[in-house]
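J.:
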Amino acid sequence: MRGGPGSGKGTQCANIVQNFGFTHLSAGDLLRAEIKSGSENGTMIQSMIKEGKIVPSEVTVKLLQQAMQESGNDKFLIDGFPRNEENRETFESVTGIEPEFVLFFDCPEEEMEKRLLSRNQGREDDNLETIKKRFKVYMESSLPVVVYYSLKDKVRKIDAAKQAEAVFEDVKAIFNSKIEVPLILLYVIQQVASEDCLTLSNAKMP
Numbered sequence: 003m004r005g006g007p008g009s010g011k012g013t014q015c016a017n018i019v020q021n022f023g024f025t026h027l028s029a030g031d032l033l034r035a036e037i038k039s040g041s042e043n044g045t046m047i048q049s050m051i052k053e054g055k056i057v058p059s060e061v062t063v064k065l066l067q068q069a070m071q072e073s074g075n076d077k078f079l080i081d082g083f084p085r086n087e088e089n090r091e092t093f094e095s096v097t098g099i100e101p102e103f104v105l106f107f108d109c110p111e112e113e114m115e116k117r118l119l120s121r122n123q124g125r126e127d128d129n130l131e132t133i134k135k136r137f138k139v140y141m142e143s144s145l146p147v148v149v150y151y152s153l154k155d156k157v158r159k160i161d162a163a164k165q166a167e168a169v170f171e172d173v174k175a176i177f178n179s180k181i182e183v184p185l186i187l188l189y190v191i192q193q194v195a196s197e198d199c200l201t202l203s204n205a206k207m208p
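Positions 3 to 208 (our numbering) are the ones given, in order, by the sequence shown.
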């Protein structure tokens, strides 16, 4: 799952896990756990991170796939992945899973800025200049993913500028309409532009 700064991603993801029985998987947590395990793969990951290199998509996808298989569940909320189009392509190629629809949380950049600046979470990087840089990175990396799904007519837009409770009512309406889907993967991709916020992808095994 990719959630952008100030999008309210954490709240909505927790609601989805609690109300729809999803297993939460964090790409970052899985990478850290693999490093901690002391495995050969973990040592390789740790070395790449120390050298400032990006861990190959295939490595992260295989960790996610293993966690999915071991969970005993058939619905997943993936946090921190895919970050870009290359991540998406690798995930779909390795797992054979494609999204059924994309839930797009539409939130103005000004609202996200306001939320970040007022949340007082002790983050030193929550200043306007750094926030705008984070928005720019999200836009450049995630836009192609959103465009890809839009061209496949899989995007469903939700107004994320509303209160969290109202946003989740809209989320529930989408999920409840898909109750017959037997096997789904949920992952979230962030696309930030002048009129956007958070993207959720609901997928199933082909």
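Even for Gly, the Cβ is constructed at its ideal location relative to N, Cα and C.
How would you call G82, buried or exposed, if buried means at least 16 neighbouring beta carbons within 10 angstroms?
T.: Along the sequence shown, read from residue 1 onward, the residue named residue 82 stands at position 80. Counting Cβ neighbours within 10 Å, G82 comes out buried, since at least 16 surround it.
J.: Flag this pair as touching only if the segment 108–123 and the segment 157–164 have three or more C-beta atom pairs under 8 Å; answer yes or no.
T.: Yes, since at least three Cβ pairs between the segment 108–123 and the segment 157–164 fall closer than 8 Å, the two stretches touch.
J.: Just how far apart, CA to CA, sit F177 and F78?
T.: Mapped onto the sequence shown, residue 177 falls at position 175. Mapped onto the sequence shown, residue 78 falls at position 76. Near 13 Å, if we compare the C-alpha coordinates of F78 and F177.
J.: May I ask you to report which of helix, strand or coil DSSP gives C109?
T.: Here residue 109 corresponds to residue number 107 of the sequence shown, with the count starting at 1. DSSP places C109 in coil when its eight states are reduced to three.
J.: Can V104 and K156 be called in contact, C-beta distance under 7 Å?
T.: Stepping through the sequence shown from its first residue, residue 104 is reached at position 102. Stepping through the sequence shown from its first residue, residue 156 is reached at position 154. Yes, these two residues count as a Cβ contact at 7 Å.
J.: For the alpha helix (DSSP H) holding V96, just list the boundary residues, first then last.
T.: The sequence position of residue 96 within the sequence shown is 94, counting from 1. From DSSP, the alpha helix (DSSP H) with V96 extends over 87–97.
J.: Determine the direct distance from the alpha carbon of S179 to that of G40, and round the result to whole angstroms.
T.: Here residue 40 refers to the residue found at position 38 when the sequence shown is read from its first residue. Here residue 179 refers to the residue found at position 177 when the sequence shown is read from its first residue. Those two C-alpha atoms are separated by around 44 Å.
J.: P84 and V147 look like a contact to me (Cβ under 8 Å); what is the Cβ gap, rounded to whole Å?
T.: Here residue 84 refers to the residue found at position 82 of the sequence shown. Here residue 147 refers to the residue found at position 145 of the sequence shown. Correct: roughly 6 Å between the Cβ atoms.
J.: How many Å lie between I186 and C15 at the Cα?
T.: Residue numbering aside, residue 186 sits at position 184 when the sequence shown is read from its first letter. Residue numbering aside, residue 15 sits at position 13 when the sequence shown is read from its first letter. Because I186 carries a pLDDT of 44, less than 50, the predicted location of this residue cannot be relied on, and the following value inherits that uncertainty. Spanning the two alpha carbons is a distance of roughly 15 Å.
J.: For the segment 31–86, which segments carrying the alpha helix (DSSP H) assignment without a break, of at least 4 residues, lie completely within its bounds, in sequence order?
T.: Entirely contained in the segment 31–86, the alpha helix (DSSP H) runs reaching 4 residues are, in chain order, 42–52, 59–73.
J.: Take T25 and list the residues in its own chain whose beta-carbon comes closer than 6 Å to its own, dropping the five residues that flank it on each side.
T.: Reading the sequence shown from its first residue, position 23 is the one you call residue 25. So the list reads S73, N75, F78, once near-sequence residues are dropped.
J.: What residue range is occupied by the uninterrupted alpha helix (DSSP H) comprising N178?
T.: Numbered from its first residue, the sequence shown carries residue 178 at position 176. N178 -> alpha helix (DSSP H) spans 166–179.
J.: Could you compute how far the alpha carbon of K134 sits from the alpha carbon of L119?
T.: On the sequence shown, position 132 is the one that residue 134 refers to. On the sequence shown, position 117 is the one that residue 119 refers to. Taking the straight line from one Cα to the other gives about 12 Å.
J.: Going by alpha carbons, who is nearest to E102 out of S152, G30, N21?
T.: For the purposes of this step, residue 102 is identified with residue 100 of the sequence shown, where counting begins at 1. Out of S152, G30, N21, S152 has the C-alpha closest to the C-alpha of E102.
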